[in-house]
Structures are given as C-alpha cells and as structure tokens.
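Numbering that gives the first Met the number 0 puts the sequence shown at residues 0 to 384.
Cβ atoms here follow ideal geometry from the backbone N, Cα and C, with glycine treated the same way.
Only a predicted model underlies this, so the values are computations on that prediction, with no experimental measurement involved.
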Amino acid sequence: MAYLVRRKGTKKWYIQWWDRDRKSKRVKATGTEDESKARERLAEFQAVLKGRHQRQKIEELLNAVGYEATTGVPLGQLWGLYVRTPKLRRTTDKTERAKLNTVANWIRWMEREHPEVELLHEVTLRTAARYFAWMASEGIHAQTRNNRLATLRVIWRTIQIPAGLPTNVWEGVPRVEANSERVESLTLEQVRAVYRTATEFESRNAEPGFWGAAVALAYHTGLREGDICELHSDEFSITGDKLCLVENKKWKGAQALEHPVLPEWSQHLPDRAEGYVWPTAAEAYKRNARWLSADFGKILKQAGIERKRVISGKQRTVVTFHSLRATYATIHRDQGGSLDDVRETLGHATIQMTQHYSHSHEAAKRLAEVRPSLTTEGEPTAQHD
0 MAYLVRRKGT
10 KKWYIQWWDR
20 DRKSKRVKAT
30 GTEDESKARE
40 RLAEFQAVLK
50 GRHQRQKIEE
60 LLNAVGYEAT
70 TGVPLGQLWG
80 LYVRTPKLRR
90 TTDKTERAKL
100 NTVANWIRWM
110 EREHPEVELL
120 HEVTLRTAAR
130 YFAWMASEGI
140 HAQTRNNRLA
150 TLRVIWRTIQ
160 IPAGLPTNVW
170 EGVPRVEANS
180 ERVESLTLEQ
190 VRAVYRTATE
200 FESRNAEPGF
210 WGAAVALAYH
220 TGLREGDICE
230 LHSDEFSITG
240 DKLCLVENKK
250 WKGAQALEHP
260 VLPEWSQHLP
270 DRAEGYVWPT
280 AAEAYKRNAR
290 WLSADFGKIL
300 KQAGIERKRV
310 ISGKQRTVVT
320 FHSLRATYAT
330 IHRDQGGSLD
340 DVRETLGHAT
350 IQMTQHYSHS
360 HEAAKRLAEV
370 RPSLTTEGEP
380 TAQHD
C-alpha cells in the first residue's frame, strides 16, 4: 500500500507506493508540509488503490469460473471510446478537434497530478473539482474553464453507459460566473507595442512571422487564436482580396465571416498555395494549445505590459490574446462604428455578446476605414471607394 515519506532536503510530504508489478517504487508529491493535509491526500490515494485491488480479486474469481470480466476503461482510451460511441447529433471537425484537445489536456494533468488513477471509474468528483480549480490557478479565463467543463460533461455523458460509469462526475462541478472575469482591452499604444514585439518574436511552435501576423490579424479582424492557427490557404478568395472563413466557435446557422485583406497582416503571410498557412502552428495547436498563452505572455512581457493584476485580493490574468479581440470591438465603439457592424465581423450571435467586450464583407470594409494603423500614427488602416 501507499505511505507518506519526506525526501532528503525538503519539508514537504510525498506519497510512495509500489507499482503493480512490485518491481519499482513510485512517488507523488502532496504539495504540502502539513502532515494532517498530507494524510488526507494519502487516504484518498489509498482508497483508489484499495478499490482497484478489490476489483482485481473479484475479476480473478469470475475469470476462474469462466466469466469474462472487464478491468474497466483506461484513461488513455477515453477519446477512442467517445469516437466509437453513437451520438445524438453531428458536430464539425473543428469542434471535434477542440474536444480532443480538451481531453488531451485533462489526461496530461491526471498523469502529472494523479498517477494513481488509471481507469475512468476511479475519477472522483473531488478529482474533477481539483482540475477545475487548477485551471483557475493557472489564470485560464472563466469562459474557457466553463467551455472545457461543458466538453468533459458531454464526453462523460456519451460514454457513461458503454464505460459502465455510475455517475457523471463533471455534472457535480459548478460553472463559474464568466462575467466576473472579463479580459481587458488594450490601448492603441499598447497594441502597437505588442505588434512591434511580435514581429521580432521567434516561437518554437510556429513558423517565422506567425506572431506578427497573428497580432495584426486579431487587431484588424477580431479573429480568435484558434482560427488564426488553422488559417487555410483556400479561405482566401481567388482574387486574393478577401479572407472568408467559418470560425471555430460558430452558432447555429452562422454564415462565413469575411474580411478585406490588408497589408499590415498580409505582409507576414508565407507563400503557400495549399494547406494550412502555418502548418507548424496548426499542428502544435491541435496537440496542445497552451503554447499560445505562453508565447503571448513572453511577448507582453517584452512589450512592457502586465498581464495580471490583483482583483478582490487575488491575482487575475486580465490580458490575454483574447484582449486583442476585445480591443477590436472597443476601438470601433470609440470611433463611432456601428455596433451591428462589429457584431457581424466578430461572429457574435447577439449585440449583447458584442457589448460584453466594452459577417459581412461590407461591414468589415466600413470598420477598416476608421481603424487606426498599427504602424502609422493617427491614420486609418485603409481607404475604400
């Protein structure tokens, strides 16, 4: 069984136990120096191991009399089971990729924080709640946390019967009030500083020039980071003067969003006749989108912009890549742009959603006429007849 130990040179407690084959010992940090708290975590840990041991004994007895017993579904098989299970409605490929990314992030966290949990039915409500709390501690925005929670609820609901799960643990985790954690928009001077820094920033997960284009695209079009990463060559019109796409997050019946191609971001595009505009960034985004936040955090730091501040006594991340989308809406509001135009170019279903930030090509053109340039003081981005 598992027991508590202290490693040499540290006051923190660790949980140590033998692996299944009893050939090697494994260690997990409790993250605390408080022995009573460490013992609470040890008790949870031991409960998982004890339950697994009891199930194995029962399965051995059943197998001995010719009954084929199942050992449960390993965490790593969650996505495969979800894909194979019939669903009530169809979803787009982009939505499925987003779900896969959510599952992959959660499994990585489980492997790091709860290596004792190997099977789906060993995941408890407390474990699920801890993951939700961890996302908050990492500065992940409330709406993103809610979206991931909703995804895990749907996936659990889909595989609950095939996997033999007694409950949907994610249903017991309450959503957070997203309106209480709004990202802040940036000033024009701040966006220009971010743009200058981004044009020189080199990323291990994206092609050269990606970040300069990404910042300019977000500023000029309000596109989300996922749409920028997965920008495809065939989303440009044949004449090359329009960008036409359906966003990752689209409401029912949404039409494609259209934006005029502007030199401030098109100058950063590589020459690519087919496929993803930035294949490296697209693949990295599918594997794990967290590199985007890490990269953008470095860009903000180099640009001299604080991304966190204290709100209600707690450190909160208030500047993210989404802040550029908020800035897009704010600038046009301040420039006297039509709220309907902003709503259409952002792909919002309602004006209320646009107002939360304080798909027509014509709307995008009208907004481009009044939007300040990222490089020229006081002048609009583009002039149109």
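If I follow the unbroken beta strand (DSSP E) through residue i, where does it start and stop?
i, result
"residue 316", "313–316"
"residue 139", "Segment: none, residue 139 is in no beta strand (DSSP E) and carries neither H nor E."
"residue 307", "307–310"
Can you give me the start and stop residues for the alpha helix (DSSP H) that residue i sits inside?
i, result
"residue 16", "Element bounds for residue 16: not the alpha helix (DSSP H) but the beta strand (DSSP E), 12–17."
"residue 28", "No alpha helix (DSSP H) holds residue 28; the beta strand (DSSP E) holding it covers 24–28."
"residue 106", "92–112"
"residue 265", "262–265"
"residue 290", "289–301"
"residue 285", "278–286"
"residue 199", "187–199"
"residue 123", "Counting along the chain, residue 123 falls outside any alpha helix (DSSP H), and DSSP gives it neither H nor E."
"residue 82", "77–83"
"residue 214", "209–220"
"residue 33", "Neither: residue 33 is in no alpha helix (DSSP H) and is coded neither H nor E."
"residue 224", "224–228"
Do you know offhand how far residue i's Cα is from residue j's?
i, j, result
"residue 208", "residue 117", "41 Å"
"residue 122", "residue 188", "47 Å"
"residue 17", "residue 113", "15 Å"
"residue 130", "residue 108", "8 Å"
"residue 231", "residue 323", "21 Å"
"residue 77", "residue 89", "19 Å"
"residue 74", "residue 128", "17 Å"
"residue 268", "residue 371", "21 Å"
"residue 104", "residue 225", "16 Å"
"residue 31", "residue 37", "6 Å"
"residue 235", "residue 273", "11 Å"
"residue 318", "residue 305", "8 Å"
"residue 24", "residue 222", "48 Å"
"residue 201", "residue 166", "46 Å"
"residue 321", "residue 8", "42 Å"
"residue 71", "residue 119", "7 Å"
"residue 29", "residue 124", "18 Å"
"residue 266", "residue 173", "45 Å"
"residue 251", "residue 27", "The predicted model places residue 251 with a pLDDT of 40, which falls under 50 and marks its position as unreliable, so this point remains unresolved."
"residue 262", "residue 146", "34 Å"
"residue 313", "residue 303", "22 Å"
"residue 332", "residue 184", "12 Å"
"residue 171", "residue 220", "38 Å"
"residue 98", "residue 10", "39 Å"
"residue 186", "residue 126", "40 Å"
"residue 39", "residue 5", "16 Å"
"residue 149", "residue 175", "12 Å"
"residue 311", "residue 111", "30 Å"
Out of the options, which has the shortest C-alpha to C-alpha gap to residue i?
i, options, result
"residue 115", "160, 223 and 14", "14"
"residue 198", "229, 159, 295 and 175", "295"
"residue 402", "9, 8, 12 and 373", "Only positions 0 to 384 of the chain appear in this structure, which leaves residue 402 out of reach."
"residue 34", "321, 324 and 12", "12"
"residue 45", "3, 320 and 321", "3"
"residue 157", "80, 31 and 313", "80"
"residue 42", "233, 9 and 1", "1"
"residue 106", "287, 270 and 298", "287"
"residue 307", "182, 9 and 26", "182"
"residue 229", "175, 291, 171 and 186", "291"
"residue 293", "190, 186, 203 and 5", "203"
"residue 270", "289, 233, 243 and 302", "233"
Between residue i and residue j, which are expected to be in contact by the criterion C-beta below 8 Å, what is the C-beta distance as a whole number of angstroms?
i, j, result
"residue 300", "residue 100", "Residue 300 to residue 100, Cβ: 25 Å. No contact."
"residue 218", "residue 316", "Not confirmed; about 20 Å, so no contact."
"residue 169", "residue 151", "5 Å"
"residue 193", "residue 330", "Contact doesn't hold; Cβ gap of about 14 Å is too wide."
"residue 283", "residue 205", "7 Å"
"residue 264", "residue 212", "5 Å"
"residue 154", "residue 190", "Rounded, the Cβ-Cβ distance is 37 Å, inconsistent with contact."
If contact is defined by three or more beta carbon pairs under 8 Å, each pair taking one atom from either stretch, is the region 134–143 in contact with the region 87–95?
no
Below 8 Å, how does it come out for the region 141–158 and the region 276–288: are there three or more Cβ pairs, yes or no?
no
Take every Cβ of the region 158–174, pair it with every Cβ of the region 78–85, and state whether three or more of those distances are shorter than 8 Å.
yes
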